[in-house]
Amino acid sequence: MFKAYGLYSHIRANRLRSALLLAGFVALLLALMFSFSLLFEAFASGEEPFDVILARAEADFRINWWVGAAASGVWFAIAWMFHQRMIDYATGARAVSRAESPRLYNLLENLCISRGVPIPALQILESDALNAYASGLKEGEYKIAVTRGLLVALTDAEIEAVLAHELTHIRNRDVQVMVVATIFAGVFGFVADLFFRNWDFPFGFSPHRPSTREDDRRESGAGLAIVIALVIIALSWGASVLIRLALSRSREYLADAGSVELTKNPDAMISALRKIEAHSAMPAMPSRMRAFFIESPARVQESGWFSTHPSVDERVRALVDFAGGHDVAVSAPETFPVEDGQADGAFPPDGAPGFLPPDGRHPLDPPQRGPWG
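Put into structure tokens, the structure is as follows:
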């Protein structure tokens, strides 16, 4: 159903997957609301059997579902208004001016002019890691942030590919999708935390204390109803996390393809990913921010359904198969000092001590080759 046979069919397939995954959040939210109705009727019941409690919960849900929807709407509104402040606080990104980083501004400007799109604001993360992300929800608020290490270790063509990747996230409204996914996951995470960690359950159903004789009074139907409600809450939280991670993975393929579309240089995207691959780690970065970066800043890369990104090998394979790129092997990055006047990581003229070898090429540049590898 979703098999892709070319670069653009690959993009369309991922968009369809994302739409279906977002619809899954709505289904999970309805399930969560029903679990609240089930809990309420279980605690309010006497010795009624389970089928009576279930019928009452269904009636409550049909009448009062809008209350849960309204509460979720308030949650969304607050998170939507303050998300950028939260992101900046979590990452420590700061604005950078053209005077501070002319190289970065020029590369981004060229990309935006070529497609007639407004230029996002630029930010810098003072980190030796190699990473970048995009943020913002609407025109005039979009931002692209890159680490200092990325500017030092990557060539202009590779930085341009990374900027094009993040610009594609903005053009495809991926940032909005990920903010929505993060807010949804936050709703389920908050409820799960409330029920399984902080709330002292009545009638002996708390996981933090042993059962009492109250359990015997409620074992007829209420106990089963409460157990089912808690299972729904737990499964909803787990599924919301998996959906958020799946959305993040699918977005990265789209952005890699968009980078190639903008730069017409799949090799630059591939070599940038290879350099970033082993040096994206940012141990202090909050876990909720991992999905926003071009590569997971987790110390240990997750795998499978629990990963925020497809592996670099998978992304490179897609660029080779669908965009005609060529995989390259790159050497491990070294630490290059940033001298006065080189705040944006630009390198001095060829042969300057501590920066470039006599041939003028950066030590991390892939081997030179012809246009077909």
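If you use full-length UniProt numbering, the sequence shown corresponds to residues 1 to 373, in order.
C-beta: ideal position from N, C-alpha, C; glycine also.
query	result
Could you name the residues that DSSP lists as bridge partners for K143?	A121 and S135
Among S280, K275 and L21, which has the Cα closest to the Cα of T155?	K275
Return the residue from the list L247, K143 and L111 that minimises the CA-CA distance to E158.	L111
Starting from F293, follow its DSSP beta bridges and name the residues at the other end.	Y133
What's the C-alpha gap between V26 and R62?	16 Å
Per the DSSP calculation, R94 is bridged to which residue(s)?	I124
Just how far apart, CA to CA, sit V52 and A239?	29 Å
Tell me which residues share the same chain as R12 and place their Cβ nearer than 6 Å to its Cβ, disregarding the 5 neighbours each side in the sequence.	none
Leaving out five residues on either side along the sequence, give the residues of the same chain with a beta carbon under 7 Å from the beta carbon of N76.	Note that residue 76 corresponds to Phe in the displayed sequence, not to Asn. Taken in chain order, the residues that qualify are I183.
Mind pulling the alpha helix (DSSP H) runs of 4 or more residues that sit fully within the region 145–170?	148–153
Roughly how many whole angstroms lie between the Cα atoms of F82 and V179?	11 Å
Applying the criterion that 16 or more other CB atoms from any shown protein chain within 10 Å of the CB defines a buried residue, is E314 buried or exposed?	exposed
Considering V312, what are the terminal residues of the alpha helix (DSSP H) in which it resides?	V312 to A323
In terms of residues, what are the limits of the alpha helix (DSSP H) holding A272?	P266 to E277
Helix or strand or just coil, what does DSSP make of N64?	helix
On the DSSP letters alone, give me the boundaries of the alpha helix (DSSP H) that V175 sits inside.	D174 to D193
Who are the Cβ neighbours of S35 in its own chain at under 6 Å, not counting the five residues just before and after it?	A229, I232 and I233
What separation, rounded to the nearest whole angstrom, lies between the Cα atoms of F40 and D193?	18 Å
Please state whether DSSP places D51 in a helix, a strand or coil.	helix
Once you ignore the five residues that flank F293 on each side, which residues in its own chain have a CB closer than 6 Å to its CB?	N131 and Y133
I need the straight-line Cα distance from L29 to A268, nearest angstrom please.	42 Å
Whose C-beta lies closer than 8 Å to the C-beta of L108 among residues of the same chain, with five residues either side of it excluded?	I119, P120, L122, I144, L163 and L167
Spell out a yes or no on whether the region 243–259 and the region 309–328 are touching, meaning 3 or more CB-CB pairs, one atom from each, closer than 8 Å.	yes
Between the alpha carbons of F43 and A55, how many angstroms are there, rounded?	14 Å
Exposed or buried, which one is I78 when buried takes at least 16 other CB atoms within 10 Å?	exposed
Take the Cβ of F190 as the centre, count every other Cβ of all protein chains shown within 10 Å, and call the residue buried at 16 or more, exposed below.	exposed
If I measure Cβ to Cβ from E58 and keep anything under 7 Å in the same chain, skipping five residues before and after, which residues do I get?	none
Give the straight-line distance between the Cα atoms of E252 and G92, rounded to the nearest whole angstrom.	23 Å
Is P286 closer than 8 Å to A90 when the C-beta atoms are compared?	yes
So which of S127, M33, A71 and G68 has the shortest CA-CA distance to A284?	S127
Alpha carbon to alpha carbon, how far is F50 from V312? Give it in angstroms, no decimals.	50 Å
Since P102 is in the alpha helix (DSSP H), which residue starts that stretch and which ends it?	P102 to R115
Should I113 go down as buried or exposed, given a rule of 16 or more other Cβ atoms within 10 Å for buried?	exposed
Figure out for me which residue from A323, M282 and G325 has the closest Cα to the Cα of T147.	M282
Taking D60 as the reference, give the member of R85, V74, M33 and A71 with the closest Cα.	M33
Using three-state DSSP, classify D88 as helix, strand or coil.	helix
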